[in-house]
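Asker:
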Amino acid sequence: MPVRRGHVAPQNTFLGTIIRKFEGQNKNFIIANARVQNCAIIYCNDGFCEMTGFSRPDVMQKPCTCDFLHGPETKRHHIAQIAQALLGSEERKVEVTYYHKNGKVSPFTRYLMCLSVHVACK
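Going by the UniProt record's numbering, the first residue of the sequence shown is number 1, and it counts up by one from there.
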């Protein structure tokens, strides 16, 4: 039986290709489904889980804007930029401060690359 790697979406070669490409680059990332409400997260890699302190089940189906990582030092302007990039289907780099799950660890700042990938349906 194949091992599931944190997907909450049907297996397909397109997602598998994206995951393999970024896993090999030592990147922390999530993949979300823009066709459902709140652009729900359908995949997160091990690096993302380690960085945030959240497990895959904690992260799956949450909004890809990562509201669950926001805290007092997270600037609303940065959150708006991320949402705008996701809604507008445009590529954007944003520096944002996030918080670990336990909240006791110092906040961490990340440069996010927000981009939409559109797949034409037949």
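Cβ atoms here follow ideal geometry from the backbone N, Cα and C, with glycine treated the same way. These numbers were taken from a predicted model, which means no experiment stands behind them.
Do residue 97 and residue 65 come within 8 Å of each other at the CB atom, strictly closer than that value?
Answerer: To locate residue 65, count along the sequence shown from 1; it is residue 65. To locate residue 97, count along the sequence shown from 1; it is residue 97. No; because the gap between Cβ atoms is not below 8 Å, this pair is not in contact.
Asker: Do residue 85 and residue 92 count as a contact pair if the criterion is CB distance below 8 Å?
Answerer: On the sequence shown, residue 92 is found 92 positions in, with the first residue counted as 1. On the sequence shown, residue 85 is found 85 positions in, with the first residue counted as 1. Yes. Within cutoff.
Asker: Going by DSSP, what residue range makes up the beta strand (DSSP E) through residue 108?
Answerer: Position 108 of the sequence shown, counted from the start, is the residue given in the question as residue 108. That run of the beta strand (DSSP E) goes 108-114.
Asker: Look at residue 62 and residue 47 and say whether their C-beta atoms are less than 8 Å apart.
Answerer: Start at 1 with the first residue of the sequence shown, and residue 62 comes out as number 62. Start at 1 with the first residue of the sequence shown, and residue 47 comes out as number 47. Not a contact, by the Cβ cut-off of 8 Å.
Asker: Is the beta carbon of residue 39 closer than 8 Å to that of residue 33?
Answerer: Residue numbering aside, residue 33 sits at position 33 when the sequence shown is read from its first letter. Residue numbering aside, residue 39 sits at position 39 when the sequence shown is read from its first letter. Going by C-beta atoms, residue 33 is nearer than 8 Å to residue 39.
Asker: Please report how far the alpha carbon of residue 100 lies from the alpha carbon of residue 50, in whole angstroms.
Answerer: Residue numbering aside, residue 100 sits at position 100 when the sequence shown is read from its first letter. Residue numbering aside, residue 50 sits at position 50 when the sequence shown is read from its first letter. When rounded, the distance between both Cα atoms is 10 Å.
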